[in-house]
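Shown next, in structure tokens, is the structure this report addresses.
Residue numbers (this note's numbering): -19 to 524.
Spelled out as structure tokens, the structure:
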């Protein structure tokens, strides 16, 4: 009894500090979410789920390139919003925060069972929570963030197994379901588990690795999902899957551009600093597992090939987790920890304030924060400050605004409640989430003319190839005809048009079928921001 009481007294301050830290980070994350709202992709998927609930057939009446897991991911939250009478954005955001809590809670339970939780200090805990809740910025609730949350308990269990601690069967089942969900949401993230497997084999042996039930459970989830797609979503298999294979997947950025983009370089900077901090303890499970998983996530980023920042988020977050646990191996004085947090905040604000040429500015800001911390502390080894500065720069990049057209949004809202809207644009982010923000109704079967834009890019990338040009022309004409039909049948109140300074706009605007379909619309307002030339057109019978 005396020992138990003594343990409780010694653990109480640590628990209180952890709760206070988690509460502060949660409040900051909620504030950021309220400020930024949801990304265009998430907003569009909410719209698709709403149309599905209204009776539309996904992949036939509403065309979405992503597999059914993307629709199923948000469907419960959207359905709940309709049931209780609140905005879906609220329930989807709440789902994101609940996913963070569940993921961290399950991971913590696994680490406690394995006796590893005692090795997690305030820096590791704080950096982990910040990576999960604050780092996503405008990408909060994006599929890549949720995939990471589903897979995090799997990594905790991998660390427990690598420490050769006993694992309960229910743990393997739960984390296997999560790992399967991670790969279902985005199949390339199976590389996260694959990247950890060789390390596990080295720590526990190949035979023991083949006995890990979580891998089999994850595989079973994947097989069940593939079976579900074929039976429940035949239109996806028949129509959209071929479109993805022939058009979406081949559109890729060059490998060099992917490797030298800001996201991968952030992973590299934090990874190098982590290796310097951990030194001989780099193979410790709490450091090695998330670091290797981060490399797997980089592989997933390269496989996807689009170069979008949110797709590198899991890699940055996981490497930051590894860095935090490495820092906990050598606890720093409170002053240095506070300076690290300050360096991260200053760097993030600097990146946001400058808001141009993100890559050089991000690294210049990170270097400046590092130099400032070095001057203030006079320490020779400040890899910790390098981690803080790089993490802060990453937060700044993820918090940068996407397409914002407040003047057009205000003009659209002035048309009255629930205006119906379509877009003559190649950009999904132009209409989403703006239309939902004003209570509008999306009157189009696609989020944008991305199909035609992608097909035209394929033609541009293969000049002189008549076969590709002829094949791509089919996609271009189908996308154009779909737009003309949407405008003619649905007769939306307003059209979002832009960008106005592209070859794509010149083509689509002058196309005879589109010109006829938009003949009843008149210019209402041009976007005054020269950074994004765009316009709002309104049906002439609604013009005052």
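Note that CB positions come from ideal geometry on N, CA and C, so glycine has one too.
Boundaries of the alpha helix (DSSP H) around residue 235: 235 to 239. Membership of residue 520 in any alpha helix (DSSP H) is not indicated, and neither H nor E is assigned to it by DSSP. Scanning the segment 360 to 437 for uninterrupted alpha helix (DSSP H) segments of 4 residues or longer gives 363 to 379, 386 to 393, 408 to 411 and 414 to 417, listed from N- to C-terminal end.
The C-beta of residue 168 has 16 or more other C-beta atoms within 10 Å across all chains shown, which makes the residue buried. In the displayed model, residue 99 falls within a helix according to three-state DSSP.
Judged by their CB atoms, residue 44 and residue 58 are not nearer to each other than the 8 Å cut-off. Beta-bridge partners assigned by DSSP to residue 11: none are found. Distance between residue 375 and residue 113, taken at the CA atoms: about 11 Å. Taking the CA atoms as reference points, residue 429 sits about 21 Å from residue 30. Taking C-beta atoms under 8 Å as the contact rule, residue 117 and residue 499 fail to qualify, at a distance of about 42 Å. The residue among 466, 474 and 444 with its C-alpha nearest the C-alpha of residue 414 is 474. Burial check for residue 207: the Cβ neighbour count within 10 Å stays below 16, so the residue is exposed.
Apart from sequence neighbours up to five positions away, the residues of its chain that approach residue 163 with a beta-carbon distance below 7 Å are 169, 170, 198 and 202, ordered along the chain.
Cβ neighbours of residue 258 within its own chain (closer than 6 Å, five residues either side excluded): 267 and 306. Proximity to residue 99 across 243, 238 and 261 peaks at 261, based on C-alpha coordinates. Judged by DSSP secondary structure, residue 502 falls within the beta strand (DSSP E) whose first and last residues are 501 to 506. Taking the CA atoms as reference points, residue 137 sits about 39 Å from residue 37.
Runs of alpha helix (DSSP H) with 4 or more residues, each lying fully within the segment 215 to 292, are found at 235 to 239, 242 to 258 and 265 to 284, listed in chain order.
Here DSSP, grouped into helix, strand and coil, assigns residue 19 to coil. With a threshold of 16 other beta carbon atoms within 10 Å, residue 194 meets it and is buried. The segment 280 to 296 and the segment 84 to 102 do not touch, with fewer than 3 CB-CB distances between them shorter than 8 Å.
Our two residues, residue 521 and residue 395, have alpha carbons roughly 12 Å apart in a direct line. Within the same chain, Cβ atoms closer than 8 Å to the Cβ of residue 79 are found at 126, 129 and 130, the five residues on either side in sequence being excluded. As the crow flies, the alpha-carbon of residue 254 is around 48 Å from that of residue 40. The DSSP-derived three-state label of residue 513 is coil. Contact between residue 476 and residue 403 holds, with the beta-carbon distance rounding to 4 Å and staying under 8 Å.
For residue 176, no pairing in a beta bridge is given by DSSP. Contact between residue 102 and residue -3 holds: their C-beta atoms lie close to 6 Å from each other, under 8 Å. Under DSSP, residue 476 shares a beta bridge with 403 and 516.
Here DSSP, grouped into helix, strand and coil, assigns residue 294 to helix. With a beta-carbon spacing of about 7 Å, residue 401 and residue 421 fall inside the 8 Å limit used to define contacts.
Beta bridge pairing from DSSP links residue 147 with no other residue. Nearest to residue 491 by C-alpha distance, out of 463, 479 and 502, is 463. Contact check for residue 120 against residue 284 fails: the beta carbons are separated by 8 Å or more. In the structure shown, residue 66 adopts coil according to DSSP, grouped into three states.
Cβ neighbours of residue 442 within its own chain (closer than 7 Å, five residues either side excluded): 448.
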